[in-house]
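Undergrad: Here you go, one structure.
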Amino acid sequence: MTGRPTGSSLPGVAIAAGGLLALAVVRARLQAGGVPAVPLSAGYGLAILALAGLAASRTTAVPRRRASGSQPIPAETAPTAAPGGRTPVTPGAVLRAPVGELWRTPTRVPDRRERDALLLGVLLGLALLLPGALLLLSGAIPRGAGLAAAFPGWAGAVLVVATAEEVLIRGVLQPRLATTAGAESAIVACALLFAAIHVPLYGVQALPLDLGAGLLIGWLRQRTGSVAACAAAHLVADLGGWFLP
Amino acid sequence: MTGAARLGLAGLALVALARLALPGAPPIYDSAPIPAPPYNYASPPPDLRSSNKAPASGSKTFRLVGGGNQVGTAETADQQMVVYFNEGILTSPGATTIVVKIEPATDPPPPPAPSAMVGNDYRITALGEPGDLPVTLKGSAQVLLQVPPVNFSSVRIYYDSAWHSLAMTVEPPRVNVALDHLGDLAAFEDPTAPYQHSGTPVNWLAIVDSVVIAAALLVIVVAVVRRRRAAKSRDS
């Protein structure tokens with residue numbers, strides 16, 4: 033796990049968790065009112081990214097080293113801690129933090145370790161699709177009924193939403209919780225939050241599936257230290273939902 | 004094996020179990036619902052007549068095992084109606100298979116006053132084969148019914164010469180209901196009851212969303228470009 037807070041990370045965690053749940057409820061209400069899905073989803077994803085930046089800026093748990101621990105992050109990718117250990121909450125810090133969380137060093141080509149992490153993420157995304165593929169092949173449930181012309185816009189919204197959720201939950205919350213509660217507790221807590229934010233829109237029937245996916249992606253974060261790998265797994269699983277039941 | 008790895012394996016097992024045990028549950032892991040295709044009307048409104056496609060029918064043959072059907076769905080080809088039958092809830096003594104048909108009705112029963120029918124009336128029938136034998140539904144069949152993007156207040160099933168209201172869960176643009184009888188299924192708008200759903204697009208919100216998205220993407224791109232430049236100048 034990356035990052036070691038030098039102070040309490042609870043304010044940021046509370047902001048992120050509460051804000052995310054509130055956003056999910058608001059979004060579900062807007063959706064029920066007939067607001068078009070794609071722009072609403074993209075706006076929701078960007079709001080989560082802003083929340084991630086705010087939460088990261090409210091804590092001192094900004095990782096200073098890459099997952100491998102071998103190379104420090106460039107100074108400009110890590111927000112500067114103010115005297116007293118707290119990162120100042122400035123608009124710039126809020127905007128920078130999600131990018132830094134997703135990919136610590138965007139200025140260079142990913143090394144082999146990071147490519148392996150991404151590959152593992154893609155494979156796990158395919159594993160998440162496997163049960164649905166089996167159901168489709170068995171004829172138990174029909175293929176999803178999406179409108180082909182809507183796919184590009186929908187895929188773009190999925191890209192934003194999936195990445196945003198991973199940046200906030202696995203990128204910001206999980207390492208901060210891990211330092212205070214332990215890695216396993218952090219994985220479970222983040223998986224529960226991940227499942228909970230889907231309930232307002234999809235109902236409790238979606239909870240077991242999303243809880244399982246959250247545990248798996250949480251392990252991926254713990255194993256690889258890569259948020260980009262988590263986003264890749266999430267994205268593959270989501271995009272496959274267009275073609276599978 | 005570490006505790007985290009055990010949690011990961013448990014997660015994978017939970018995904019598989021949840022997906023297989025709750026096949027009707029949404030398969031999506033984030034919050035971007037798949038946009039629905041335009042509604043296909045049996046009797047389209049005048050302004051949609053030129054672009055409207057006729058609604059599709061569908062049928063499914065269920066093999067009987069131990070007197071009951073195997074788990075499965077029957078759905079129309081355009082997916083405007085999907086009916087999920089749990090294992091063993093369809094029975095037809097003497098039959099080896101049951102054929103379930105879903106057809107958009109061209110002669111729907113008159114709606115109960117003062118309601119007006121919204122969208123299509125779908126007729127769900129089932130016969131045991133061979134011999135066109137009667138079929139009994141023992142338990143509830145789950146239905147996902149797509150509704151057009153207009154107000155509606157109830158979903159009803161027609162059997163025994165009367166419309167019967169159903170409890171429903173609205174998941175726009177679909178409604179989930181549980182059937183304990185087969186018959187004609189349709190959504191209704193009752194002017195005396197509050198509406199449950201409006202599919203009318205809110206264009207101003209879409210515009211605001213688009214502007215916010217464009218602005219945020221611009222900020223991110225600018226931030227990344229500035230960081231790359233800073234890194235290059237530092238390296239050189």
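Chains as they are written, first to last, in the numbering used here: chain S, 33 to 277; chain H, 4 to 239.
Positions of the beta carbon are idealized from the N, C-alpha and C atoms, including for glycine.
1. Along the chain, where does the alpha helix (DSSP H) containing S:A194 start, and where does it finish?
2. Under 8 Å Cβ-Cβ, which residues of chain S neighbour H:G71?
3. How would you write the range of the alpha helix (DSSP H) that H:A119 sits in, first residue to last?
4. Ignoring anything shorter than 3 residues or poking outside the stretch 68-123 of chain H, list the beta strand (DSSP E) runs there in chain order.
5. S:I219 CB to nearest chain H CB: under 8 Å?
6. Is the distance from the Cβ of S:V131 to the Cβ of S:R202 below 8 Å?
7. Kindly list the residues whose CB is nearer than 7 Å to the CB of H:T128, restricted to its own chain and excluding five residues on each side of it in sequence; keep chain order.
8. Closest to H:V102 by C-alpha separation, out of H:M120, H:N43 and H:P137, would be which residue?
9. Does any residue of chain H bring its CB to less than 8 Å from the CB of S:E216?
10. Apply the 10 Å Cβ neighbour rule to H:G97 and answer buried if 16 or more other Cβ atoms are within range, or exposed otherwise.
11. With S:A218 as the anchor, note down where its alpha helix (DSSP H) starts and where it stops.
12. Helix, strand or coil: which one does DSSP assign to S:A93?
13. Quick check: the stretch 250-259 of chain S against the stretch 197-211 of chain S, are there 3 or more CB pairs under 8 Å?
14. Please state the DSSP three-state secondary structure of H:A45.
15. Measure from the alpha carbon of H:L51 to the alpha carbon of each residue in H:R229, H:P151, H:L147 and H:V180, then state which is nearest.
16. Straight-line CA distance for S:D143 to S:G157?
17. Going by C-alpha distance, which of H:V153, H:T76, H:A57 and H:L188 is nearest H:Y161?
18. Report buried or exposed for H:D163, applying the criterion of at least 16 other Cβ atoms within 10 angstroms of its Cβ.
19. With a threshold of 8 Å, are at least 3 pairs of Cβ atoms found where one atom belongs to the stretch 46-65 of chain H and the other to the stretch 8-15 of chain H?
20. H:A170 CB to nearest chain S CB: under 8 Å?
21. Counting along the chain, where does the beta strand (DSSP E) carrying H:L188 start and finish?
22. Is DSSP giving H:H167 helix, strand or coil here?
23. Report the residue from H:Y87, H:M4 and H:A24 whose alpha carbon sits nearest the alpha carbon of S:P240.
24. Of all the residues that make up the stretch 142-160 of chain S, which are near chain H by a beta-carbon distance shorter than 8 Å?
25. Grab me the residues of S:Q63's own chain with a C-beta within less than 8 Å of its C-beta, minus the 5 sequence neighbours each way, in chain order.
26. Does H:A190 have its Cβ less than 8 Å from a Cβ in chain S?
27. What residues of chain S sit near H:R22, judged by a beta carbon separation below 8 Å?
28. Tell me the residue span of the alpha helix (DSSP H) that contains S:S170.
29. Roughly how many angstroms lie between the CA atoms of H:L148 and H:F191, to the nearest whole one?
30. From H:Q85 to S:G50, what distance separates their C-alpha atoms?
31. Evaluate S:G273 with the Cβ neighbour count: other Cβ atoms within 10 Å of its Cβ, from every protein chain shown; 16 or more gives buried, anything less gives exposed.
32. By the criterion of Cβ-Cβ separation under 7 Å, what are the contact partners of H:A19 in chain S?
TA: Quick look at the numbers:
1. F183 to E197 is the span of the alpha helix (DSSP H), which, as asked, contains S:A194.
2. None at all; the shortest Cβ gap to chain S is about 15 Å.
3. Careful: H:A119 lies outside any alpha helix (DSSP H), inside the beta strand (DSSP E) at A119 to E132.
4. Taking only runs of at least 3 residues, the beta strand (DSSP E) segments lying wholly in the stretch 68-123 of chain H are 75-78, 84-88 and 100-107.
5. yes
6. no
7. K104 and L185
8. H:P137
9. yes
10. exposed
11. A215 to A228
12. Caution is warranted here: a pLDDT of 41 is assigned to S:A93, below 50, making its placement in the model unreliable, and no coordinate value can be reported.
13. yes
14. coil
15. H:P151
16. Approximately 21 Å between the Cα atoms of the pair.
17. H:L188
18. exposed
19. No, the stretch 46-65 of chain H does not touch the stretch 8-15 of chain H.
20. no
21. For H:L188, the enclosing beta strand (DSSP E) stretches over residues D187 to E192.
22. strand
23. H:A24
24. A159 and L160
25. Counting only Cβ-Cβ distances below 8 Å, and skipping sequence neighbours, we find A69, L72 and L233.
26. no
27. P163, G164, L167 and L241
28. R144 to S170
29. 12 Å
30. A small fix is needed here, since residue 85 of chain H is Val in this sequence, not Gln. Taking the straight line from one Cα to the other gives about 36 Å.
31. buried
32. P163
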